[in-house]
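> Pasting a structure below so you can have a look.
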Amino acid sequence: MTVEPTASTFIDAPDVTASVRDLFGIDSDMQVPAFSEGNEYVPDRDETYLFDRETTLAILAGFAFNR
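First residue of the sequence shown? That's 2 in the numbering used here, and the numbers climb one at a time after it.
Here's what the structure looks like:
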């Protein structure tokens, strides 16, 4: 039996804000929308991955400010 995702199994919109500094280690005061809980579509966190500052900030600005 396969269970299809429903509104009751997934949060359909970000429900919290998070610090870019805390999440990505980037020196910025930006706050971005985030989901409080992951699901099977969220990969495991890789603590060794290094984010490119400019690219990451551009993507996050798109999420946070629709840019």
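Here a beta-carbon is modelled for each residue, glycine too, at the ideal position from N, C-alpha and C.
What you are looking at is a predicted structure, and each value in this text was computed from that prediction instead of being measured.
Report buried or exposed for residue 17, applying the criterion of at least 16 other Cβ atoms within 10 angstroms of its Cβ.
So residue 17 counts as exposed.
> In angstroms with no decimal places, state the Cα-to-Cα distance between residue 60 and residue 54.
Approximately 10 Å between the Cα atoms of the pair.
> Alpha carbon to alpha carbon, what distance is there between residue 35 and residue 47?
One C-alpha to the other measures close to 18 Å.
> Mapping DSSP to helix, strand and coil, what is residue 65?
Residue state, collapsed to three classes: helix.
> How would you call residue 25, buried or exposed, if buried means at least 16 neighbouring beta carbons within 10 angstroms?
Buried, by the Cβ-count rule.
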